[in-house]
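This is the structure:
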């Protein structure tokens, strides 16, 4: 049984230490900026004073704002930016931290569960951040025992961008990277020598590194489609496209989201040609072929996370700014590609009035709920199909995406234990097993030494580290992790007080 299932209750802006998309600060020709509403600031909570894993002190804590007990089962996968140390994190529906891994790189983003070589694995980006809004690094794959399986780069070992990583059943990865191209933009109001970022999509064989498909944005997308004005000073970087998601459509072609054109593109996976565009920005250039957004009063701006859903709909996270056009929300479109229309069918979260500058995700849950990650606002909210909030969590910093998956983790290392003598004949015992998902309770073993340990007490699992204090004058202690049936999942080393 998965613990937590039934518990009820592109670069950062110059003024931001966390930001991912400084390009959002550039002037957009269709801007209708308004002052954003004040955002609820979660208390900057972090795990402190951990006895068993002091290396995890500083990991971000969740704050539960609302929980009805009707959220989809599974675990929440985030990469909280601004935490010290930085790293990918897994939480349960109660907000308890299940796994955290500090990384040695500047950035960690886009934690997800995928299938590779027939096994479920974790994947996330590690690397650096480049102005004005992309990453340079690699994607890391870990197995269910939290052991590294491989690291992935683009063709010829080129660093990957942080925004997109999709593994196919064929063992390939759809990735993106950027190459600066010097262009003369004087005719469009820019500088004579402008470094234009050409977004490159590749399909790479993970095992061999061979490139099976390659697509350049500059070959297919005109600079006039961008909502970003070109820079006027020579040598400045122009991020006209800014890809932020790739998805494989039901027909095998690619669905791509580009932030800086406020447009979704369906790409022919064989030729690279554009099958259709869906632009959300009112007044934007919409070259053919394109779909018409309906109703005509609708718009979306600087969107993220475009996905084709099993029922044929397409969902996005509509940032709405900056500059701010409307609050952030999750949008679901009914698609009629033969008629050339995309109709807004459902919207989630607009009533909360949360204004978003960058990042964000919108994920359909197997039970029909929708999980919204609020990007640069440290918050994740789950809505029922009819729009009621069933789970609302806040955390310090922000997360590029906030997703949910089923996951079973059994760390290769044993549980950790610490003990210290307390007052009035008590002994304080602490236990943790970073990443173990099946623990239901802890059993404390005590005795005169490691050869004479006997069961002393059991305690329910609580969060990353559980306090197992008990009345005991024993000299030696160990802990066993038990599942819901009482089976021993793992045993710690023995420690003496």
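In my numbering, the protein residues as written are 898 to 1394.
Every residue, glycine too, gets a C-beta built ideally from N, C-alpha and C.
With respect to the alpha helix (DSSP H) encompassing residue i, which residues constitute its N-terminal and C-terminal limits?
{"i": "residue 1201", "result": "Per DSSP, residue 1201 belongs to no alpha helix (DSSP H); it is in the beta strand (DSSP E), 1201 to 1205."}
{"i": "residue 1114", "result": "1114 to 1117"}
I'd like to know whether the C-beta atoms of residue i and residue j end up nearer to each other than 8 Å.
{"i": "residue 1339", "j": "residue 1358", "result": "yes"}
{"i": "residue 1070", "j": "residue 1103", "result": "yes"}
{"i": "residue 1024", "j": "residue 975", "result": "no"}
{"i": "residue 1088", "j": "residue 1129", "result": "yes"}
{"i": "residue 973", "j": "residue 1204", "result": "no"}
{"i": "residue 1261", "j": "residue 1244", "result": "no"}
{"i": "residue 1279", "j": "residue 1266", "result": "yes"}
{"i": "residue 1374", "j": "residue 1314", "result": "yes"}
{"i": "residue 1051", "j": "residue 1038", "result": "no"}
{"i": "residue 957", "j": "residue 1292", "result": "yes"}
{"i": "residue 1372", "j": "residue 1345", "result": "yes"}
{"i": "residue 978", "j": "residue 1362", "result": "no"}
{"i": "residue 1043", "j": "residue 1309", "result": "yes"}
{"i": "residue 1213", "j": "residue 1228", "result": "yes"}
{"i": "residue 1257", "j": "residue 1202", "result": "yes"}
Excluding five sequence neighbours on each side, which residues of the same chain lie with their C-beta closer than 7 Å to the C-beta of residue i?
{"i": "residue 1040", "result": "1016, 1018, 1046"}
{"i": "residue 1237", "result": "1188, 1189"}
{"i": "residue 998", "result": "984, 985"}
{"i": "residue 1369", "result": "1324, 1343, 1353"}
Who are the near neighbours of residue i in its chain, counting only those whose CB is closer than 8 Å to its CB and skipping five residues on each side?
{"i": "residue 1085", "result": "1120, 1121, 1127"}
{"i": "residue 1133", "result": "1088, 1091, 1092"}
{"i": "residue 1077", "result": "1092, 1093, 1094, 1095, 1134"}
{"i": "residue 1366", "result": "1319, 1323, 1324, 1325, 1326"}
{"i": "residue 954", "result": "943, 944, 945, 946, 947"}
{"i": "residue 1249", "result": "1224, 1278"}
Kindly indicate the opening and closing residues of the beta strand (DSSP E) around residue i.
{"i": "residue 1185", "result": "Where residue 1185 is concerned, there is no enclosing beta strand (DSSP E), given that its DSSP letter is neither H nor E."}
{"i": "residue 1351", "result": "1351 to 1357"}
{"i": "residue 1344", "result": "1338 to 1344"}
{"i": "residue 1224", "result": "Note, residue 1224: premise wrong, no beta strand (DSSP E); not H, not E."}
{"i": "residue 1163", "result": "1160 to 1164"}
{"i": "residue 1347", "result": "Residue 1347 -> no beta strand (DSSP E), and no H or E assigned at all."}
{"i": "residue 1198", "result": "From DSSP, residue 1198 is part of no beta strand (DSSP E); its letter is neither H nor E."}
{"i": "residue 1031", "result": "1031 to 1039"}
{"i": "residue 1006", "result": "1004 to 1013"}
{"i": "residue 1175", "result": "1171 to 1176"}
{"i": "residue 960", "result": "960 to 964"}
{"i": "residue 1216", "result": "Segment: none, residue 1216 is in no beta strand (DSSP E) and carries neither H nor E."}
{"i": "residue 1017", "result": "1016 to 1027"}
{"i": "residue 1141", "result": "1140 to 1145"}
{"i": "residue 1386", "result": "1385 to 1388"}
{"i": "residue 1378", "result": "1373 to 1379"}
What does a CB cutoff of less than 6 Å around residue i pick up in its chain, not counting 5 residues either side in sequence?
{"i": "residue 963", "result": "1286, 1289"}
{"i": "residue 1061", "result": "1073, 1142, 1143"}
{"i": "residue 1281", "result": "1266, 1287"}
{"i": "residue 1311", "result": "1387, 1389"}
{"i": "residue 1123", "result": "1137, 1157, 1158"}
{"i": "residue 1063", "result": "1071, 1143"}
{"i": "residue 959", "result": "988, 992, 1290, 1292"}
Check: Would the region 1216 to 1232 and the region 1166 to 1174 be scored as touching if the rule is three or more Cβ pairs under 8 Å?
Finding: Remark: fewer than three beta-carbon pairs, one from each stretch, lie closer than 8 Å, so the region 1216 to 1232 and the region 1166 to 1174 are not flagged as touching.
Check: Do the region 1382 to 1393 and the region 1329 to 1338 meet, that is, are 3 or more Cβ pairs less than 8 Å apart?
Finding: yes
Notebook entry, point to check: Looking at C-beta atoms only, is the number of pairs between the region 1264 to 1271 and the region 1003 to 1012 that lie closer than 8 Å three or more?
Noted result: At 8 Å Cβ cutoff, the stretches do not touch.
Notebook entry, point to check: Are at least three pairs of beta-carbons, each pair with one atom in the region 1144 to 1157 and one in the region 1182 to 1190, less than 8 Å apart?
Noted result: no
Checklist line | Contiguous beta strand (DSSP E) assignments of at least 3 residues, all confined to the region 1068 to 1131 | finding: 1069 to 1080, 1091 to 1102, 1108 to 1113
Note to self: My parser needs the beta strand (DSSP E) runs of 3 or more residues fully inside the region 1238 to 1325; what are they?
What the structure shows: Entirely contained in the region 1238 to 1325, the beta strand (DSSP E) runs reaching 3 residues are, in chain order, 1238 to 1245, 1258 to 1261, 1267 to 1270, 1276 to 1280, 1286 to 1291, 1295 to 1302, 1313 to 1318.
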